[in-house]
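Q:
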Amino acid sequence: CMWSVCGIHDQGWKEREIFGKIRYMNYKGCERKFDVKAYVKKYDGKVFHKGKKESIDKFMKKPKK
973 CMWSVCGIHD
983 QGWKEREIFG
993 KIRYMNYKGC
1003 ERKFDVKAYV
1013 KKYDGKVFHK
1023 GKKESIDKFM
1033 KKPKK
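Quick note: the sequence shown uses our numbering, first residue 973, plus one each step.
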């Protein structure tokens, strides 16, 4: 993935709070590229957010239509 490491054919991104100049990827993008459920299972479904430990369940729920 040379585009992700070297920025070949890439453009500059404006700085965003928290992310800085790192390319942002939303949840749907992660689902397309990675096995998110396997990753969550591997790490016991826990996330760490500013010193608080929370369940990942609230992030995994599908929005109601």
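Where is the CB? At the ideal position from N, CA and C, for every residue including glycine.
None of the values given here were measured: they were computed from a predicted structure.
Return the chain-ordered list of same chain residues with a C-beta closer than 6 angstroms to the C-beta of residue 1002, the five sequence neighbours on each side being excluded.
A: Closer than 6 angstroms at Cβ, skipping near neighbours: 1008.
Q: Work out the CA separation of residue 1013 and residue 996 for me, nearest whole Å.
A: The alpha-carbon atoms of residue 996 and residue 1013 are separated by roughly 23 angstroms.
Q: Over what stretch of residues does the alpha helix (DSSP H) that includes residue 1004 continue unbroken?
A: Here the alpha helix (DSSP H) through residue 1004 covers 999-1005.
Q: Flag residue 987 as yes when its Cβ comes closer than 7 angstroms to any non-hydrogen atom of the ligand MG, and as no otherwise.
A: In terms of ligand content, the structure shown is empty, and the ligand MG therefore cannot be addressed.
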